[in-house]
Amino acid sequence: MIHQSFHHSATGTWTHVFACEKTQHCIVIDSVLDYDAKTEQTSSESVDQIISLINDKEWQLKYILETHAHADHLTAAQVLKSNLGGEVCIGLGIIKVQETFKDRLPLGENFNADGSDFDLLLSNGDVLLMGQHAIEVMVTPGHTSDSLTYLIEDFAVIGDTLFHPDSGSARCDFPGGDAAELYHSISRILSLPDETKLCLAHDYPENRDAVSVVTVSDQKTGNIHCKTPFDAQRYIETRTMRDAQLAPPCLIEPALIHNIQAGH
Ligand SMILES: [Fe+2]
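Going by the numbering used here, the sequence shown opens with residue 2, and the numbers climb by one from there.
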């Protein structure tokens, strides 16, 4: 199995691409559409690198996966789908996210908060196939109510749950977020085998290179929010205090409008 990560430096986002060497089937997780907030223009320069890779390798794109509806960047799901095909998938919890935001954002009168903008809504334990490799869905809410982790053999693509050990964990103060739920989700991730490769959704390093993959063991020994012993009450207090100091992501409104509609 092949794994490649692409860092989008403007938003600190990692896009993860996996491919089955035998069948040439591939998936893309958490793609990014370039967006200029001043002009409100989008462009596909970044995702075009991934489209070129898939075309050059003659891979077949099966699934375009989201770990959740992001609030800090726009998904390139529909650009990928229109160029390469594939089904756009997100967690079933997106319906709750859509219901939460339908009256808070200018979504248009035809917007339906029923998940129908996506091709597939995923639940805990669902399994997708990428050629000879299984992708198992694990629900990991807390940052948002639609958050998923994708388990692909010895990889886990963990979305906004844990970040690099020096950066801790994801915020829980968006509507639908819950620090106690994220504690439980992180506990599930940390119960995976120590050598499991955790694919990060973001990294915004200041004094080091961006890192796309760390292990469960790295998180248990070094993560500033969850190193052993990982205590529920202490985590929830730390997370809640930290969230009270955070500003909203600068692209929150365009990102949510775009992303809860699957990038349509
Ligand atoms: Fe997020």
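Using N, Cα and C, we set each Cβ at its ideal position, and we do this for glycine too.
Please name the residue in 16, 68, 38 whose C-alpha comes closest to that of residue 52. Counting from 1 along the sequence shown, the entry for residue 52 is found at position 51. Of the candidates 16, 68, 38, the residue whose Cα lies closest to the Cα of residue 52 is 16.
Ligand 1 and residue 264: does any heavy atom of the ligand fall closer than 8 angstroms to the residue's C-beta? If you number the sequence shown from 1, residue 264 lands on position 263. Look at residue 264: its beta carbon is at least 8 angstroms from all of the heavy atoms in ligand 1.
Nearest by alpha-carbon distance to residue 4: which of 131, 127, 172 is it? Locating residue 4 in the sequence shown gives position 3, counting from the first residue. It is 131.
If contacts are defined as beta-carbon pairs under 8 angstroms, then residue 217 and residue 197 qualify, I think. What distance do you get, rounded to the angstrom? Along the sequence shown, one-based indexing puts residue 217 at 216. Along the sequence shown, one-based indexing puts residue 197 at 196. Yes, residue 217 and residue 197 are in contact; Cβ-Cβ is about 5 angstroms, under 8 angstroms.
Inside the segment 69-148 only - beta strand (DSSP E) runs reaching at least 3 residues: Those beta strand (DSSP E) runs which fall completely within the segment 69-148 and span 3+ residues are 88-92, 121-123, 128-131, 134-140.
Since I believe residue 190 is in contact with residue 239 (beta carbons under 8 angstroms), could you give me their beta-carbon distance rounded to a whole number of angstroms? Start at 1 with the first residue of the sequence shown, and residue 239 comes out as number 238. Start at 1 with the first residue of the sequence shown, and residue 190 comes out as number 189. About 17 angstroms; that fails the 8 angstroms criterion.
With a threshold of 16 other CB atoms inside 10 Å of the CB of residue 223, please say whether the residue is buried or exposed. As a first step, residue 223 must be located in the sequence shown, where it is residue number 222. Classification for residue 223: exposed.
Coarse secondary structure for residue 20, derived from DSSP in three states: Residue mapping note: residue 20 aligns to position 19 of the sequence shown, counting from 1. DSSP, reduced to helix, strand and coil, places residue 20 within a strand of the structure shown.
Would you kindly work out how many angstroms separate the C-alpha atoms of residue 204 and residue 21, rounded to a whole number? Looking up residue 204 in the sequence shown gives position 203. Looking up residue 21 in the sequence shown gives position 20. So the alpha carbons of these two residues sit roughly 26 angstroms apart.
My output table needs one value for residue 239: the three-state DSSP class, helix, strand or coil. Translated into the one-based positions of the sequence shown, residue 239 becomes position 238. In the three-state DSSP reduction, residue 239 falls in the helix class (H, G or I).
Which residues share a DSSP beta bridge with residue 7? Numbered from 1 along the sequence shown, position 6 holds the residue referred to as residue 7. Answer by DSSP bridge pairing, in chain order: 16.
Hey, would you say the C-beta of residue 145 is under 8 angstroms away from at least one heavy atom of ligand 1? For the purposes of this step, residue 145 is taken as residue 144 along the sequence shown, with counting starting at 1. For ligand 1, at least one heavy atom lies less than 8 angstroms from the Cβ of residue 145.
Under DSSP, the beta strand (DSSP E) around residue 157 begins and ends at which residues? Within the sequence shown, the letter at position 156 stands for residue 157. Annotation: the continuous beta strand (DSSP E) that includes residue 157 extends over 156-158.
From which residue to which residue does the alpha helix (DSSP H) around residue 228 run? Walking along the sequence shown from the start, residue 228 turns up at place 227. Under the DSSP assignment, residue 228 falls outside any alpha helix (DSSP H); it carries neither an H nor an E label.
From residue 63 to residue 209, what distance separates their C-alpha atoms? Working through the sequence shown from its first residue, we reach residue 63 at position 62. Working through the sequence shown from its first residue, we reach residue 209 at position 208. If you take the alpha carbons of residue 63 and residue 209, they lie about 34 angstroms apart.
Quick check on this structure: which residue in 74, 116, 158 has the alpha carbon closest to the alpha carbon of residue 200? Your numbering for residue 200 matches position 199 in the sequence shown. Nearest C-alpha to residue 200: 158.
Which of helix, strand or coil DSSP assigns to residue 30: Position 29 of the sequence shown, counted from the first residue, corresponds to residue 30. Here residue 30 carries a strand assignment [DSSP, helix/strand/coil].
On a CA-only basis, which of 13, 14, 43, 11 is nearest residue 1? Give me that one, please. Any answer about residue 1 is impossible in this case: the structure gives the chain only from 2 up to 265.
Any 3 or more C-beta pairs closer than 8 angstroms across the segment 66-77 and the segment 29-42: Inter-segment contact for the segment 66-77 and the segment 29-42 is present: three or more beta-carbon pairs are separated by less than 8 angstroms.
In whole angstroms, give me the CA-to-CA distance for residue 206 and residue 177. As a first step, residue 206 is located in the sequence shown; it is residue number 205 there, counting from the start. As a first step, residue 177 is located in the sequence shown; it is residue number 176 there, counting from the start. Looking at the two C-alpha atoms, the distance is approximately 27 angstroms.
Please report the distance separating the alpha-carbon of residue 61 from that of residue 82. In the sequence shown, counting from the first residue as 1, residue 61 sits at position 60. In the sequence shown, counting from the first residue as 1, residue 82 sits at position 81. Using only the alpha carbons, I get a separation of about 11 angstroms.
Residues passing the C-beta test against ligand 1 heavy atoms, cut-off 5 angstroms: Each of 71, 161 has a C-beta closer than 5 angstroms to some heavy atom of ligand 1; these make up the full list, in chain order.
Residue 37 - containing beta strand (DSSP E), residue span: The residue you call residue 37 lines up with position 36 of the sequence shown. Counting along the chain, the beta strand (DSSP E) containing residue 37 begins and ends at 35-37.
Using beta-carbon positions only, say whether residue 184 and residue 66 come within less than 9 angstroms of one another. By one-based count along the sequence shown, residue 184 stands at place 183. By one-based count along the sequence shown, residue 66 stands at place 65. In this structure, residue 184 sits away from residue 66, with a CB-CB distance that is not shorter than 9 angstroms.
Per DSSP, cross-strand counterpart(s) of residue 199: Counting from 1 along the sequence shown, the entry for residue 199 is found at position 198. In DSSP, residue 199 forms a bridge with 157, 215.
Return the first residue and the last residue of the beta strand (DSSP E) that residue 247 is part of. Numbered from its first residue, the sequence shown carries residue 247 at position 246. Counted as a single uninterrupted DSSP element, the stretch harbouring residue 247 is not any beta strand (DSSP E), since DSSP gives it neither H nor E.
Residue interval of the beta strand (DSSP E) (run including residue 61): The sequence position of residue 61 within the sequence shown is 60, counting from 1. Bounds of the beta strand (DSSP E) holding residue 61 are 61-66.
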